[in-house]
Ligand SMILES: Cc1cc2nc3c(=O)[nH]c(=O)nc-3n(C[C@H](O)[C@H](O)[C@H](O)COP(=O)(O)OP(=O)(O)OC[C@H]3O[C@@H](n4cnc5c(N)ncnc54)[C@H](O)[C@@H]3O)c2cc1C
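Protein chains in written order, with this note's numbering: chain A, 1237 to 1647; chain B, 2 to 465.
Structure representation (structure tokens):
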């Protein structure tokens, strides 16, 4: 059987600014076993097929014990997994319950109705840049914006952000499949601790909301009953941990990657200024071109799966390399070009199928608002360095800072 | 003139006539222009309306969410056509390549596309069918009238026939809190299309939503009052129901009468065509200038033993129209087969039902994911040891996978483990389709013909 040693290189921090040539190499064998153990799937149609394949599980308990040890998937003895890491029917029930206060069919207008509020938050953040000639887009806008939003939606006090910021970062870092057994053990330990801390914090908050509900998701989860009943107390915690982290660690990259891409493509930036409606397809192209979630490393197989000339054995770890699928020339013409109004752009940026991104409508709206406002209001923005410094994460990949010089801030 | 030159001339200045100005007709016209056809394009339609969409008529329109005249089909591109709306085609002269219209006009063509679809089968007793309050539902005008009467708050609606249209109408009535009785000849709703096992679930759904569902009965007669308004229906079991609205949902009849003497192979089961959408004449010889698409067509499908399938599915009408239009203006080497995977959806009683493949061909069914009792499941259908179809209730996300299974003629019952497999997913059972020799009110698919050989065709859809 062929195997490659590409995962190590993809995870290597030195390749964070541009992993795409490695993905191209990977695509030469659409499904291949990496030396380090997992099966890597890098081509569009194969990834999409597996995302809809009921023989694929997101529940790490279905890994063979050897495989689980090899990729460091350890069950947290204190807190069960969130629905992201569960299969139907549990997944479906939990996701439906979480969706009830967030989107259709029960609350179809929630995100839509937040438009004005979100616009207000972005413009407030941009107002704060007045009088400065250098800014860090990450710390000044792309981080605080989605964090403020997810806090409001969930009903988590924004002031507490300093507490949970670090927990969130640690949990997000835990998604990366990393090096030696010791490193993995240390990471698992840190993640467990962070989850426990965050869980304790949220448990208290949920209890408060249960007693005195407000107009937020924690209150709704704690008080409302639907056809599926209610989340159990532990499920409320795992679900709100998931949503808080997801709302924290992904959209920040989408916005930052967006600005970085626009500054690298000044003609597109100029076009967007004159044509704000372009932002809708542009954000889709961004999700294809620089997806905030680069790979889905938490799947396994319930049966032997014969795909693209390889048999993935039952219980093997399966990494779906969505950022690579998004650049697959078999699916997208000129895949390495950023085409803001690309037609037929069914990218994998939000995944697909069962676990497709829960917060997608919100993330889209946030990125659309942030990018149009940044482009409209920042005068002569310039990159200070290219590439910018990246975060350590390979899965949730994005710049840690994006220093810009600006000529001013318009009204 | 060379063949190439001839085709060039056709594409540049030929005359194409499309009869049937609805979904298939419009999409074909758009495709012709997209393919670079610059000649004269004429769309003939007997309805006075511009092409509109039918699926909402039994759903959003009856609920009052969308007015009946607001379902105009979105246009993909300008088609620069001569519209002959409100005028039916009444005859076809194959030799002279000429279509006759009801108003006496004639239209000469170089290529003809027939997309006349189907119409609702009316209540067979003419006098009863004319009673005020008796409806069918196929057109925008039908939907407007029915909605108007539903909005007036009837005492009870009787729906005759629990196929997809009848079930959706019943669902809309319940959502409007209108009392409704459904009468179905078979043992459960949707049996013709989805079989008895799934039909039982559909029956439970109807009853859970307060439908007075009566299966295994025939409506034997409708009774009117002195003013000619319907008021009562009699059933074969001797019972009767008082209703001031009766919706007849007994399936459809193909609109082929206008072709009766044309020499085209057109009849009550539609117009047979080859996989390239070219119509057969009565001798079984394929024509080269007459094409067919949509609900009125029957075409052979390699995946299903080359049987001639007639599919009353929205997606089929679009796909077949696109292939027909392409082939109308292409050289034979460039022509494409219509290899669409049958699929359709329905929304009723809060459930999203989807299907791929051809369920009525199946002998067995396996609930491969989820559970019938929860009304949330995926069922695989098997025919002679291979997967032939799949149906989901609120689990559409799995359908792509089963579609690949059908394309690959994967073994049935599926041998592998999946997520959400329940105890009921371990043993296939009989799919419970009624004996095909028994007349029913028209399943969505009719099958006929024999496989020319036993070989299987590998079917790979065009990607992108
Ligand atoms: C109430 C309802 C709900 C539906 N819901 C769904 C659904 O949920 N999912 C799904 O997949 N499908 C659904 N369908 C089916 C779908 O609408 C059809 O498959 C589709 O409309 C077929 O398009 P067509 O153009 O082939 O035929 P049609 O839409 O029937 O159009 C044929 C047109 O030709 C006209 N015509 C007929 N004879 C002549 C003549 N001699 N001269 C000129 N014009 C003529 C007709 O009046 C009509 O306008 C539904 C249909 C109905 C009626």
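Backbone N, C-alpha and C fix where the C-beta goes; we use that ideal spot for every residue, glycine too.
All values reported here derive from a predicted model rather than from experimental measurement.
Proximity test, residue i beta-carbon vs ligand 1 heavy atom, cut-off 6 Å
i                      : result
residue 133 of chain B : no
residue 296 of chain B : yes
residue 20 of chain B  : yes
residue 56 of chain B  : yes
residue 32 of chain B  : no
residue 44 of chain B  : no
residue 256 of chain B : yes
residue 341 of chain B : no
residue 107 of chain B : no
residue 314 of chain B : yes
residue 95 of chain B  : no
residue 84 of chain B  : no
residue 72 of chain B  : no
residue 166 of chain B : yes
residue 48 of chain B  : yes
residue 25 of chain B  : yes
residue 318 of chain B : yes
residue 356 of chain B : no
residue 118 of chain B : yes
Outcome for residue i when other beta-carbon atoms lying within 10 angstroms are tallied against a minimum of 16
i                       : result
residue 462 of chain B  : With a pLDDT of 47 at residue 462 of chain B, under the threshold of 50, the predicted position of this residue should be treated as unreliable, and no value is reported.
residue 175 of chain B  : buried
residue 1537 of chain A : buried
residue 1396 of chain A : exposed
residue 442 of chain B  : Residue placement at residue 442 of chain B is poorly supported in this model, since its pLDDT is 48, which falls under 50; the coordinates are not used for a value here.
residue 428 of chain B  : exposed
residue 1314 of chain A : exposed
residue 1368 of chain A : exposed
residue 49 of chain B   : exposed
residue 353 of chain B  : exposed
residue 1249 of chain A : exposed
residue 1348 of chain A : exposed
Same chain only: Cβ atoms within 7 Å of residue i, ignoring 5 sequence neighbours per side
i                       : result
residue 1263 of chain A : 1278, 1279, 1560 and 1564
residue 27 of chain B   : 52 and 74
residue 396 of chain B  : 370, 371, 377, 378 and 379
As assigned by DSSP and simplified to three states, the class of residue i
i                       : result
residue 1220 of chain A : With chain A covering only 1237 through 1647, there is no way to say anything about residue 1220 of chain A.
residue 80 of chain B   : coil
residue 1253 of chain A : coil
residue 254 of chain B  : strand
residue 1646 of chain A : coil
residue 267 of chain B  : strand
residue 466 of chain B  : The question about residue 466 of chain B has no answer here: the residues shown for chain B are numbered 2 through 465.
residue 1280 of chain A : helix
residue 1383 of chain A : helix
residue 233 of chain B  : strand
residue 1506 of chain A : helix
residue 1273 of chain A : coil
residue 1625 of chain A : coil
residue 1593 of chain A : coil
residue 137 of chain B  : coil
residue 185 of chain B  : strand
Proximal residues to residue i (C-beta, below 8 Å), its chain only, five neighbours per side dropped
i                      : result
residue 204 of chain B : 189, 190, 214 and 216
residue 288 of chain B : 95, 265, 279, 280, 281 and 282
residue 13 of chain B  : 39 and 40
Other residues of its chain near residue i: CB distance less than 6 Å, five sequence neighbours each side excluded
i                       : result
residue 1281 of chain A : none
residue 1426 of chain A : 1406
residue 241 of chain B  : 233 and 235
residue 91 of chain B   : 101, 103 and 259
residue 182 of chain B  : 159, 213 and 242
residue 246 of chain B  : 134, 150, 155 and 158
residue 1616 of chain A : 1643
- Check distances from the C-beta atoms of the region 351-381 of chain B to those of chain A and list, in chain order, the residues that come in under 9 Å. 351, 369, 370, 371, 372, 375, 377 and 379
- Closer than 9 Å, Cβ to Cβ, to anything on chain A: give me those residues from the region 133-146 of chain B, in chain order. none
- Members of the region 1584-1616 of chain A near chain B, C-beta cut-off 8 Å: 1589 and 1590
- Task: Give, in chain order, every residue of the region 409-433 of chain B whose Cβ lies closer than 7 Å to some Cβ of chain A.
- Result: 417, 418, 419, 420 and 421
- Scan the region 255-270 of chain B for residues whose Cβ lies nearer than 9 Å to a Cβ of chain A and list them as they occur along the chain. Those residues of the region 255-270 of chain B that come within reach of chain A (Cβ to Cβ, closer than 9 Å) do not exist; the list is empty.
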